[in-house]
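The numbering of the sequence shown is my numbering, which starts it at 371 and goes up by one. A virtual CB, placed ideally from N, CA and C, is assigned to each residue, including glycine. Computed from a predicted structure; not experimentally measured.
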Amino acid sequence: MYEHRVMDNIFNFFVKGTTEWEAHTLAVPVFLNPHVVVVVVLQRSADTKTLQERQKQQMARGLPKQKPIAGVKQVVVVASGKGGVGKSTTAVNLALGLMANDPSKSVGLLDADVYGPSIPKLMNLKGNPELSDNNLMIPLTNYGVPCMSMGFLVEDVAPIVWRGLMVMSAIEKMLRQVDWGSLDYLVVDMPPGTGDVQLSITQNVPIAGAVIVSTPQDIALLDARRGAEMFKKVHVPVLGLVQNMSVFRCPNCDHQTHIFGSEGARQLADTLGVGLLGDVPLHLNIRETSDRGQPVVVSSPHSPEVRFCSVSDNIIMILQSATHGKKSR
Numbered sequence: 371m372y373e374h375r376v377m378d379n380i381f382n383f384f385v386k387g388t389t390e391w392e393a394h395t396l397a398v399p400v401f402l403n404p405h406v407v408v409v410v411v412l413q414r415s416a417d418t419k420t421l422q423e424r425q426k427q428q429m430a431r432g433l434p435k436q437k438p439i440a441g442v443k444q445v446v447v448v449a450s451g452k453g454g455v456g457k458s459t460t461a462v463n464l465a466l467g468l469m470a471n472d473p474s475k476s477v478g479l480l481d482a483d484v485y486g487p488s489i490p491k492l493m494n495l496k497g498n499p500e501l502s503d504n505n506l507m508i509p510l511t512n513y514g515v516p517c518m519s520m521g522f523l524v525e526d527v528a529p530i531v532w533r534g535l536m537v538m539s540a541i542e543k544m545l546r547q548v549d550w551g552s553l554d555y556l557v558v559d560m561p562p563g564t565g566d567v568q569l570s571i572t573q574n575v576p577i578a579g580a581v582i583v584s585t586p587q588d589i590a591l592l593d594a595r596r597g598a599e600m601f602k603k604v605h606v607p608v609l610g611l612v613q614n615m616s617v618f619r620c621p622n623c624d625h626q627t628h629i630f631g632s633e634g635a636r637q638l639a640d641t642l643g644v645g646l647l648g649d650v651p652l653h654l655n656i657r658e659t660s661d662r663g664q665p666v667v668v669s670s671p672h673s674p675e676v677r678f679c680s681v682s683d684n685i686i687m688i689l690q691s692a693t694h695g696k697k698s699r
């Protein structure tokens with residue numbers, strides 16, 4: 371360690387290790403008195419190739435190995451950066467839309483929003499899962515879609531006050547200890563944000579793609595972009611954006627009002643280099659059917675505000691294109 375005085379009470383230190391790894395991890399004890407303020411700047415040599423390789427190896431040892439869910443062919447996550455943009459409503463109707471597109475396909479729905487589970491209400495499901503002969507939880511089913519949610523395991527109004535490790539353990543159980551049977555698609559309703567649950571799922575399970583839901587409002591788009599960037603960092607393909615509550619059409623005079631702005635999600639999709647999967651209007655029927663536990667895709671399949679089926683069609687085409695692309699390589 372070399373030292374020279376720059377001015378009173380300010381010193382410049384240069385520390386050199388015998389190897390790159392040693393230099394990176396070297397700790398320098400500094401003894402202070404109450405009148406001394408120390409600012410430490412660590413600068414590493416530009417020649418860090420070996421060090422970076424070792425760091426990658428260390429990181430890889432600490433990460434879980436991705437393992438497919440038994441019986442599930444493709445996992446599609448529905449996410450948003452911000453709560454309140456209609457993510458859960460979109461996830462439910464996308465799952466039902468995937469079945470409507472091809473009734474021969476089997477679709478499951480996992481509610482990964484541990485702190486605020488919405489799937490039981492949206493799918494009109496109550497009760498506790500029973501256990502199979504293999505000691506696996508049997509999902510509750512409605513409209514032909516098997517569902518699993520933390521909402522089935524706690525009282526309706528009971529708050530879930532858990533730390534991150536408990537949440538990740540619960541997610542692991544809902545992924546691995548559920549008898550999903552044979553599914554073509556498992557749609558996962560993610561919690562808002564970019565936290566423990568998102569990382570736990572993306573690191574443990576191969577994900578076919580992520581769907582980002584946002585309103586056209588600037589403040590929602592900021593968080594939607596953060597969500598999309600997170601998926602890119604963990605190497606999950608972003609299938610596209612859904613622009614929810616895109617326009618309000620007056621039921622009396624048919625006048626259109628863009629309450630949350632217009633085309634914001636389309637512009638963000640262009641910025642991210644992904645497609646806009648569809649526009650879903652702010653419509654009374656969508657809200658009422660959701661509150662009754664009768665999603666609009668099954669209760670009003672021919673109403674003009676049902677755009678979720680076209681979104682599901684776009685998702686299927688993107689997934690099929692990606693699958694064919696992998697086979698041709």
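Rounded to the nearest whole angstrom, the C-alpha separation of T511 and C517 is 6 Å. In the assembly as shown, H625 is an exposed residue. Its beta-carbon has fewer than 16 other beta-carbons within 10 Å. Residue pairing by DSSP puts T627 in a beta bridge opposite F618.
For a cut-off of 8 Å, the C-beta gap from S570 to I530 is around 16 Å, too long to register as a contact.
P509 sits in coil when the DSSP states are folded into three classes, being neither helix nor strand. Taking the CA atoms as reference points, S519 sits about 30 Å from A639. For D649, the pairing in a beta bridge is given by DSSP as Q613.
DSSP places Q444 within a strand segment (E or B) once states are collapsed to three. Look at V583 here: in three-state DSSP terms it is strand. Between the segment 444 to 454 and the segment 561 to 579, the count of Cβ pairs shorter than 8 Å is three or higher; the stretches touch.
Between V581 and V612, the CB-CB gap stays under 8 Å. By the neighbour-count definition (other C-beta atoms within 10 Å, threshold 16), C679 is a buried residue.
D481 sits in a strand when the DSSP states are folded into three classes. Here R677 is buried: its Cβ has 16 or more other Cβ atoms, across all protein chains shown, within 10 Å. If one requires a minimum length of 4 residues, the alpha helix (DSSP H) runs lying completely within the segment 451 to 497 are 457 to 471, 489 to 492, in chain order. DSSP places M600 inside the alpha helix (DSSP H), whose first and last residues are 588 to 603. Excluding its 5 nearest sequence neighbours in each direction, L642 has C-beta neighbours in its own chain below 6 Å: A598, listed in chain order.
Contact check between the segment 470 to 482 and the segment 541 to 560: three or more CB pairs, one atom from each, fall below 8 Å, which counts as touching.
With distances taken between CA atoms, A465 lies nearest to G514 out of A440, G514, E500, P499. Counting C-beta atoms within 10 angstroms of its own C-beta, S502 has fewer than 16 neighbours from the protein chains shown and is therefore classed as exposed. For S519, the enclosing beta strand (DSSP E) stretches over residues 515 to 519. V617 places its beta carbon less than 8 Å from that of L652. DSSP places D549 outside both helix and strand once states are collapsed to three, so it counts as coil. DSSP places N655 in the uninterrupted alpha helix (DSSP H) bounded by 654 to 661.
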